[in-house]
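As structure tokens, the structure follows; a few thoughts come after it.
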Amino acid sequence: MSHIEKIIARLYTSAFKASENAYAPYSGARVGACVLDDNGELHTGCNVENASYGLTQCAERNALAAAVNAGVEPRSAHTLLIFATGFDSLAPCGACRQVMSELMADDAVVISCHSESDYRSWSVSELLPDAFILS
Ligand code: THU
713 MSHIEKIIAR LYTSAFKASE NAYAPYSGAR VGACVLDDNG ELHTGCNVEN ASYGLTQCAE
773 RNALAAAVNA GVEPRSAHTL LIFATGFDSL APCGACRQVM SELMADDAVV ISCHSESDYR
833 SWSVSELLPD AFILS
């Protein structure tokens with residue numbers, strides 16, 4: 713089993729279950745995300761839409777917010793898995809890439825799954841090279 717396949721085996725069900733909680737009356741797209749922290753704990757989020765469309769929260773950002781709420785140190789998480797229905801293949805949106813680049817390690821892996829065997833993966837720095845940071 714490859715490193716990516718091991719991550720999928722560990723995080724897939726949690727991301728899938730989170731997607732079942734999606735509040736997506738406008739798009740119908742259900743997305744769940746799961747962050748694995750360095751203590752082996754999982755933190756999940758789903759997409760939460762709003763009639764004022766721009767207020768929609770993506771699953772990835774909600775999972776990262778849940779991790780921060782649980783006390784996970786920013787830039788320490790190395791793994792995030794996304795499960796999505798309603799897309800052929802989901803690549804994370806620009807807003808989520810910016811938040812990932814601030815809250816996850818540079819070499820963190822992001823995996824987007826359509827099923828357990830149909831997935832794409834990237835490092836955070838591949839998703840957002842030369843990210844905006846305040847120094
Ligand atoms: N969505 C996510 O949850 N993650 C992404 O990376 C892209 C889009 C959600 C937001 C919205 O509820 C729906 O998918 C359609 O854009």
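For the sequence shown, the working numbering assigns the number 713 to the initial residue and increments by one for each residue that follows. Positions of the beta carbon are idealized from the N, C-alpha and C atoms, including for glycine.
Ranges of the alpha helix (DSSP H) found wholly within the region 742 to 782, counting only runs of at least 4
Taking only runs of at least 4 residues, the alpha helix (DSSP H) segments lying wholly in the region 742 to 782 are 771 to 781.
Give me the pocket residues for the ligand THU, defined as CB within less than 6 Å of any heavy atom, sorted by chain position.
Taking each Cβ in turn, the ones that pass are 736, 739, 741, 743, 759, 761, 768, 770, 771, 772, 802, 804, 805 and 808.
How would you label residue 805, buried or exposed, when you count the other beta carbons within 10 angstroms and need 16 or more for buried?
Numbered from 1 along the sequence shown, position 93 holds the residue referred to as residue 805. Residue 805 comes out exposed.
8 Å contact criterion, which residue 801 and residue 836 should meet: CB distance rounded
Position 89 of the sequence shown, counted from the first residue, corresponds to residue 801. Position 124 of the sequence shown, counted from the first residue, corresponds to residue 836. Your pair residue 801 and residue 836 does not check out as a contact, with CB atoms roughly 18 Å apart and the cut at 8 Å.
Option in 753, 741, 751 and 747 with minimal Cα separation from residue 760
Here the question's residue 760 lines up with position 48 in the sequence shown. Checking every option, the nearest Cα to that of residue 760 belongs to 741.
Taking the straight line between their C-alpha atoms, what separation do you get for residue 717 and residue 787?
Numbered from its first residue, the sequence shown carries residue 717 at position 5. Numbered from its first residue, the sequence shown carries residue 787 at position 75. Put simply, the backbone Cα of residue 717 is about 23 Å away from that of residue 787.
If we count the other Cβ atoms within 10 Å of its Cβ and call it buried at 16 or more, is residue 767 buried or exposed?
Counting from one through the sequence shown, the residue named residue 767 turns up at place 55. So residue 767 ends up on the exposed side.
Looking only at its own chain, which residues have a Cβ that is under 6 Å from the Cβ of residue 739, when we skip the five neighbours before and after it?
Taking the first residue of the sequence shown as 1, we reach residue 739 at position 27. Correct list: empty, nothing qualifies.
Tell me the DSSP bridge mates of residue 821?
What you label residue 821 is simply residue 109 of the sequence shown in a count that begins at 1. According to DSSP, which records beta bridges pairwise, residue 821 is partnered with 791 and 835.
Shortest alpha-carbon distance to residue 845 belongs to which of 828, 815, 730 and 834?
Position 133 of the sequence shown, counted from the first residue, corresponds to residue 845. Minimum Cα distance to residue 845 is reached at 815.
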